[in-house]
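Working notes, structure below.
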Amino acid sequence: MAAEALYVKDADSVDFVAAAALTSGQVIQLPDGRAGVVEGLSPVAAGDLVSALVRGVVEVAKTADINILQGGQVFWDRSADTATFTGAGSGGDFYMGFAYEDSLAAATTVKVVLNEKPNYLIDFNGAPDDTLWDTTAIDGSGTTPATIIARTKLAFDAVAEAAKAVLYPADTKKHAPIADGPIFEGRIAIYDIGNAALDINFGLANGSHDTDFDSVTEAVVFHLDGSALDIKAESDDGTTEVAATDTTVDAVDDTYAEYWIDCRDPADIQLYIDGVNVLPATVFKLNAATGPVFPIVHLEKTSNDTTADVRVDFLRLRTSDL
2 MAAEALYVKD ADSVDFVAAA ALTSGQVIQL PDGRAGVVEG LSPVAAGDLV SALVRGVVEV
62 AKTADINILQ GGQVFWDRSA DTATFTGAGS GGDFYMGFAY EDSLAAATTV KVVLNEKPNY
122 LIDFNGAPDD TLWDTTAIDG SGTTPATIIA RTKLAFDAVA EAAKAVLYPA DTKKHAPIAD
182 GPIFEGRIAI YDIGNAALDI NFGLANGSHD TDFDSVTEAV VFHLDGSALD IKAESDDGTT
242 EVAATDTTVD AVDDTYAEYW IDCRDPADIQ LYIDGVNVLP ATVFKLNAAT GPVFPIVHLE
302 KTSNDTTADV RVDFLRLRTS DL
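According to the numbering used here, the sequence shown holds residues 2 to 323 in order.
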């Protein structure tokens, strides 16, 4: 009986005919969408048969002055020929893999596990499935978070009343013990911030609240209040409370930013906005918390006619014992 399958080659590399001149070590994108690193001796001329590495750990140049955390996604910036933490979309950037280890701002390179995806405990990337996500909204006129172009919008109308809109995972299996070193990742935009009656919080918490997020007993979050675009940060682990502190970074209207909260050391949590470590000398803490915690976006307003509009591209949570 003829063999049902024949060995061709290992899956660590791909052979192809070069469409243009290439150099050894050059990062390219293959027709199947994967990242590849050109192997062999330089130079490679158009028409040559060449091989590209598609698996393994490679070290590449990194965008200056940004942090990429171990396990975080890495993209290749075509225009700058460097790795970075997010894809620009319009520039033809492509996904490369995840970071093999922390590469902090001073580092000029990052090690990348080629074409692998991080293992998230929870990965919200689109319209919330109500069996997994709580999208509670409370007010007199029934304002609810709505989906827009497969993304989530939390909003208040102009009716003068107290209101809440919140998004968090209802499935308790997607909540993380503090001891598991949770890392929060979120891409969020402020489209309408209203006035002084409004509070916006997003990050990690052990619960929600109908009228006052400050009543949540354990949390580390980014915070905006009133009509100010100042992004603040705060934490409370039930024993030590760190009051809302200005990160000195301002939200930009109608513009997404990426936010990370690194709890691998719960006694000294580090926060990042668009890859930049903010308030590194401020000691945010969850080490006295009992947890578990989960990603949350929480809007509230007092009895007022202020409007609000906060949009969520993704919310992710991964954990680590290291």
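We put the CB at the ideal spot given by N, CA and C, even for glycine.
**Beta-carbon proximity list for Ala20, same chain, < 7 Å, skipping 5 on both sides** = Ala47
**Request:** With DSSP collapsed to three states, give me the class of Lys286.
**Result:** coil
**Message:** At the level of alpha carbons, what is the spacing between Ser236 and Thr283?
**Reply:** 10 Å
**Request:** Please confirm whether Ala1 and Leu287 have their CB atoms less than 8 Å apart.
**Result:** What is shown of the chain runs 2 to 323, which leaves residue 1 out entirely.
**Message:** Within a Cβ cutoff of 6 Å, which residues of the same chain sit near Ile179, ignoring the five residues on either side of it in sequence?
**Reply:** Pro267, Leu287, Ala290 and Gly292
**Item:** CA-to-CA distance, Val277 to Val55, given in whole angstroms
**Value:** 29 Å
**Message:** Looking at the strands, I want to know which residues DSSP matches up with Val333.
**Reply:** The structure shown does not extend to residue 333, since the chain is modelled only from 2 through 323, so no value can be given for it.
**Item:** Residue span of the beta strand (DSSP E) that contains Ile201, given as start and end
**Value:** Leu199 to Ala206
**Request:** Please classify Thr153: does DSSP put it in a helix, a strand, or coil?
**Result:** strand
**Prompt:** If we ignore side chains and look at the alpha-carbon of each, how far apart do Gly88 and Ala3 end up?
**Reply:** 46 Å
**Message:** Quick check on Glu219: buried or exposed, where buried means 16 or more other Cβ atoms within 10 Å of its Cβ?
**Reply:** buried
**Message:** Checking 8 Å against the spacing of the C-beta atoms, do Pro183 and Leu168 come in under that value?
**Reply:** no
**Prompt:** Over what stretch of residues does the beta strand (DSSP E) that includes Ala53 continue unbroken?
**Reply:** Leu50 to Leu54
**Message:** What would DSSP say about Ala147, mapped onto helix, strand or coil?
**Reply:** Unreliable positioning characterises Ala147 in this predicted model, as indicated by a pLDDT of 47, which lies under 50. The coordinate reading is nonetheless provided below. In the structure shown, Ala147 sits in a strand (DSSP, three-state: E or B).
**Prompt:** Can you tell me whether Val253 is buried or exposed, with buried defined as 16 or more other CB within 10 angstroms of its CB?
**Reply:** exposed
**Request:** Please state if the CB of Ala84 and the CB of Asp193 are separated by a distance shorter than 8 Å.
**Result:** no
**Request:** Evaluate Leu323 with the Cβ neighbour count: other Cβ atoms within 10 Å of its Cβ, from every protein chain shown; 16 or more gives buried, anything less gives exposed.
**Result:** exposed
**Prompt:** Smallest Cα separation from Gly239: which of Asn305, Phe285 and Tyr257?
**Reply:** Phe285
**Item:** Residues near Gly98 in its chain [Cβ-Cβ closer than 6 Å; skip 5 each side]
**Value:** Val75, Val113, Val114, Leu115, Asn116 and Glu117
**Request:** Kindly identify the DSSP beta-bridge partner or partners of Asp310.
**Result:** Ala156 and Asp193
**Prompt:** Does the segment 210–217 come close enough to the segment 299–306 to have 3 or more Cβ pairs within less than 8 Å?
**Reply:** yes
**Request:** Work out the CA separation of Arg188 and Val311 for me, nearest whole Å.
**Result:** 11 Å
**Message:** Bridge partners for Ile123 per DSSP, in chain order?
**Reply:** Leu318
**Asked** Counting along the chain, where does the beta strand (DSSP E) carrying Glu259 start and finish?
**Response** Tyr257 to Asp263
**Item:** Cβ distance (whole Å) where Pro170 is taken to contact Ile123 below 8 Å
**Value:** 5 Å
**Message:** One question on the structure: do Arg313 and Thr137 come within less than 8 Å of each other, judged by their Cβ atoms?
**Reply:** Reading off the sequence, residue 313 comes out as Val, not Arg. No, they are not a contact pair.
**Item:** Inter-residue Cα distance where the pair is Pro44 and Asp66
**Value:** 32 Å
**DSSP state of Asp237 mapped onto helix, strand, coil** = strand
**Message:** Counting C-beta neighbours from all protein chains within 10 Å, is the total for Ser393 16 or more, i.e. buried, or is it exposed?
**Reply:** Because residue 393 is not part of the residues shown, which for the chain are 2 to 323, the question remains open.
**Message:** Just to check my reading of the structure: Ile274 and Ile262 have Cβ atoms closer than 8 Å, yes? What is that Cβ distance to the nearest angstrom?
**Reply:** 10 Å between Cβ atoms; not a contact.
**Prompt:** For Ala244, which residues of its own chain have a beta-carbon under 7 Å away from its beta-carbon, when the five flanking residues on both sides are left out?
**Reply:** Glu235
**Item:** Residue burial classification, Leu50 (beta-carbon count within 10 angstroms, cutoff 16)
**Value:** exposed
**Per-residue DSSP class, three states only, for Ala166** = strand
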